[in-house]
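So the sequence shown is residues 1 to 300, counted in full-length UniProt numbering.
Worksheet for the structure shown next.
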Amino acid sequence: MTSWESYIKEYKSYLKLERGLSENTIANYAFDVEKLVTHLENTKQEVSPLKIDEQALQGFIYAISGVVNARSQTRIISGLKSFFKFLIFEGYRETTPLELIEIPKVGRKLPDTLSTEEIDTLIGAIDLSKNEGERNRAMLETLYSCGLRVSELVTLKLSDLFFEEGFIKVTGKGNKQRFVPIGTATQNYIVLYKDSVRNHQAIKKGFEDTLFLNRRGSGLTRAMVFTIIKDLAVKINLQKTISPHTFRHSFATHLLENGADLRAIQMMLGHESITTTEVYMHLDRKHLSKVLNAYHPRNH
């Protein structure tokens with residue numbers, strides 16, 4: 001199976017250099033192909049990635065269907081499709097053996113969201129008498145008003161703030177950068193945190209440009225932000241399981257419910273595909289009825 005190893009190695013280089021994917025994502029893609037290789041070895045099928053056919057792939061998918069759920073099957077098949085598209089792109093194959101293989105239908109899990117009242121109550125529970133209170137309020141306001149991932153929040157820099165233009169520069173997955181609008185109120189919370197807390201603390205070397213700092217003057221971890229939010233949820237007795245990502249879900253949902261364009265939301269969230277953004281279209285029936293009544297010509 002050494003031929004597989006060389007093609008997988010080339011594939012990983014392609015994902016890194018051409019697609020700009022993170023090491024973790026690349027490892028996941030490669031792991032999907034390695035599962036297929038392991039199956040071929042176990043079933044003593046000596047076939048190269050250039051000669052493998054639909055029948056062999058069907059056998060693999062049948063084998064994994066007995067040990068993984070439909071969602072995992074979907075992810076593995078998607079990973080394999082990506083690999084064979086790469087082989088076609090590089091001229092190694094003319095067709096993909098997965099052309100006629102269907103991906104199992106999986107019901108998408110709708111993300112949890114918070115109402116604006118719940119977000120206000122959560123942020124309102126922050127103890128502003130402590131130094132970290134101003135920081136935590138600025139962080140949560142930024143999470144919600146800009147729809148950031150927690151990794152994007154903790155790596156946000158002072159040099160990423162373009163308040164005069166009303167934007168922040170965000171570095172997302174695969175080091176892809178985007179500019180996201182930031183409201184005046186959130187800008188004010190960040191300025192207040194900087195002026196009253198950050199500018200008065202000792203900052204460790206290497207974190208001079210990091211916006212949100214811990215008490216020791218270095219960057220916050222994603223786990224610390226998660227803990228801050230969990231503690232606030234307990235404090236207000238919130239009966240929902242939430243995380244930093246809940247603020248991102250709420251950002252997208254509230255924009256959509258108030259009439260924002262899905263394409264604009266996609267750009268602000270930094271989603272590569274519009275289908276990723278469409279998961280937020282879980283509006284209630286009442287809201288959809290209002291939209292239909294307001295905009296469909298037969299209802300005028």
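Positions of the beta carbon are idealized from the N, C-alpha and C atoms, including for glycine.
Residue environment for residue 15: buried (at least 16 other C-beta atoms within 10 angstroms of its C-beta). Fully contained in the stretch 193-278 is no beta strand (DSSP E) run of length 3 or more. Residue 232 and residue 122 have their alpha carbons spaced roughly 6 Å apart.
The C-beta distance from residue 236 to residue 125 rounds to 5 Å, short enough to meet the 8 Å contact threshold.
In this structure, the beta-carbon distance from residue 101 to residue 52 does not fall below 8 Å. Its Cα nearest to that of residue 5, the residue 41 stands out among 41, 130, 18. Here residue 112 really is in contact with residue 240; their C-beta atoms are around 6 Å apart, less than 8 Å. Straight through space, the alpha carbons of residue 200 and residue 217 are spaced by roughly 10 Å. Under DSSP, residue 149 takes part in no beta bridge, so it has no partner. The beta carbon of residue 224 lies closer than 6 Å to none in the same chain, with the five residues before and after it left out. For residue 212 against residue 154, the beta-carbon gap comes to about 7 Å, under 8 Å, which counts as contact. According to the DSSP assignment, residue 75 belongs to the alpha helix (DSSP H) that extends over 70-89. Look at residue 31 here: in three-state DSSP terms it is helix. In the same chain as residue 185, and ignoring 5 residues on each side of it, the C-beta atoms closer than 8 Å to its own belong to 141, 145, in chain order. Across the set 272, 187, 120, the C-alpha of 187 shows the shortest separation from the C-alpha of residue 162.
A distance below 8 Å between beta-carbons, with the five flanking residues on each side excluded, links residue 135 to the following residues of its chain, in chain order: 193, 197, 198, 212, 213.
Excluding residues up to 5 positions away in sequence, 217 lie with their Cβ nearer than 6 Å to the Cβ of residue 202 in the same chain.
If you draw a straight line from the Cα of residue 48 to the Cα of residue 238, it is about 55 Å long. For residue 54, the CB contacts under 6 Å within the same chain, skipping 5 residues up- and downstream, are 97 in chain order.
Counting only residues of its own chain and dropping the five nearest sequence neighbours on each side, residue 226 has a CB closer than 8 Å to the CB of 150, 243, 244. Per DSSP, the beta-bridge partners of residue 171 are 177. The stretch 255-267 and the stretch 156-173 do not touch, with fewer than 3 CB-CB distances between them shorter than 8 Å.
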